[in-house]
Amino acid sequence: MLIAEPEYETIKTLPEFAAKFLEQDFRVVVVSGSTAAGENSFDHAEEIADADVLLVSVRRRTPPAAQLAFIRRFVEAGKPVVGIRTACHAFALAGNEKLAPGNAAWPEWDAQVIGGHYTGHHGHGPITHITAPATADSILRGVTLPFDSDSWFYKVSPLRAGATPLLTGEIPGQPTEPIAWTFRRADGGRTFFTSLGNPTDFTNTSFQQLLRNGILWAAGR
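Using the working numbering, read the sequence shown as starting at 1 and increasing by one per residue.
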């Protein structure tokens, strides 16, 4: 689990989720970093080299080039990636930010690894109503639909070629957007992504089942 984002408390919710839903199938290692302003480094990024699955909950982080290289090599080897929430813009600079000397960005990460097209989000407040365009996919087994989320609504359309929507969401007065999808990457690897991930999502049994199923699918389990 690669965790470094200041908004959604995933440094707390993801390890708790792992203890309850993953540790019977995986040895879970958390690689994190300070979320203080200007911090970009991860602690023990070399752990990524031995991972079977990389779960990413990172927001706009441009780590030292040697650390990003661990992530690039993992992806290029065709290994599975799981992303939640801000993972679609995990390694992209914001606005007019400048890249610090020795650090590296991956602006194509969203297109190449996640399979999305993130262009921002709608304001806080509206509840997202979530349904499935089709319910046959095994990743939705045990997921009760429809359900609602207070995760503010991401703009991610259109998805890239190779992406298959699993869930869609809507808020009043806005177009429907994909909420969860799978992506068969050009390197041959599998990605599962969901734009959900607020703290309250982790108390929702539908989200819990969705995330566990997505991780198992990515791992080929």
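Think of the CB as a built atom: it goes at the ideal place given N, C-alpha and C, for glycine as much as any other residue.
### Query
How far does the beta strand (DSSP E) with GLY83 in it reach, from first residue to last?
81-84
### Task
Express the C-alpha separation of VAL28 and ALA90 in angstroms, rounding to a whole number.
20 Å
### Message
For the region 99-109 against the region 160-174, do three or more pairs of beta-carbon atoms, one drawn from each stretch, fall closer than 8 Å, so that the two count as touching?
### Response
no
### Query
Assuming THR168 contacts PRO158 under a Cβ cut-off of 8 Å, what Cβ separation, rounded to an integer in Å, is found between them?
The pair is not a contact, with the Cβ atoms about 13 Å apart (cut-off 8 Å).
### Which residues DSSP lists as bridging ASN103, in chain order
PRO64
### Query
Are SER57 and GLY214 closer than 8 Å when you measure CB to CB?
no
#### Entry: GLU16, enclosing alpha helix (DSSP H) - first and last residue
10-21
### Message
According to DSSP, simplified to helix, strand and coil, what is GLY169?
### Response
strand
### Task
Can you tell me which of PHE193, GLY142 and PHE183 puts its alpha carbon nearest to the alpha carbon of ASN204?
GLY142
### Query
Considering only C-alpha positions, which residue in the set GLY189, ALA163, ALA36 and THR10 is nearest to VAL30?
THR10
### Query
What residues in its chain sit with their C-beta under 7 Å from that of GLU39, if we drop five residues either side in the sequence?
GLY33
#### Entry: Span separating the alpha-carbon of CYS18 from that of TRP217
According to the sequence shown, residue 18 is Ala rather than Cys. Those two C-alpha atoms are separated by around 16 Å.
### Task
Answer yes if the region 182-202 comes into contact with the region 84-99, meaning at least three C-beta pairs across the two stretches below 8 Å, and no otherwise.
yes
### Query
Can you check whether the CB of ARG184 is closer than 8 Å to the CB of GLY220?
no
### Query
Who are the near neighbours of ASP137 in its chain, counting only those whose CB is closer than 7 Å to its CB and skipping five residues on each side?
LEU166
### Query
If you compare alpha carbons, which of GLU108, GLY83, ALA77 and VAL81 is closest to ALA92?
GLU108
### Task
Ignore the nearest five residues each way along the sequence and tell me which others in VAL156's own chain have a CB closer than 8 Å to its CB.
CYS88, GLY116, HIS117, TYR118, THR119, GLU177, PRO178 and SER195
### Message
In the DSSP output, which residue or residues are listed as bridge partners for PHE202?
### Response
According to DSSP, PHE202 bridges with nothing at all.
#### Entry: Three-state class that DSSP yields for ILE215 in the structure shown
helix
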